[in-house]
Structure formats: C-alpha cells, structure tokens
Amino acid sequence: MLTQIESNLGASDKPYKTLRRLQETEDALRKSKIAIEALSPRDDAEELLVEHARLRIDILLQEVELEKQKNKAQLG
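Numbering of the sequence shown is given in numbering that gives the first Met the number 0, commencing with residue 0 and proceeding in unit increments.
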C-alpha cells in the first residue's frame, strides 16, 4: 500500500481533484499509522519492520503535506 501511495504523490490532475486525492491519501496513511502502533512485534526482525513502516509513513505524511501546500499555491 505504501508503494502505491508513493507512486501517486507526484501525479497532477485537476487541482481540486488532486487536493481531494491528497486528503484521502493522508487519511489512509493516518489509519495505517494507527494500525501499526497496535502491532506487538515478537522479535527484533519484526520490530525493525514495524519501525521501518512507521518511518516510511511519517515521510509520506510530510510529502503529502508538501504536495497539498504546492497544490493550494497553484489554486490561489
């Protein structure tokens, strides 16, 4: 799922459609973050995977926010 989101971040459609898609992406990322926080890794390998996912989601959330700001600047 994260790879799919990453591939869609740079896509540019109509500005309002893009803004709506970015908001949907942000919502999905926040839900994923909540789900990851609920996990209980059983060993070090799983802990590393969970930490990697957390970091990746945080980076994607920052990228979404940047894209939203760029999109709003184009609209305004």
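Cβ atoms here follow ideal geometry from the backbone N, Cα and C, with glycine treated the same way. Here the structure is a predicted model, which means the values were calculated and not measured.
Classification of residue i by the beta-carbon crowding that lies within 10 angstroms, buried from 16 upward
i	result
E66	buried
L21	buried
L38	exposed
L47	exposed
Local conformation of residue i per DSSP, three classes
i	result
K13	coil
D42	coil
A37	coil
Option in the options with minimal Cα separation from residue i
i	options	result
S31	I56, R19, E64, Q68	I56
L60	K16, Y15, E23, R41	E23
The segment 62-73 contacting the segment 32-51, beta-carbon criterion three pairs below 8 Å: Contact between the segment 62-73 and the segment 32-51 is not established, with fewer than three Cβ pairs separated by less than 8 Å.
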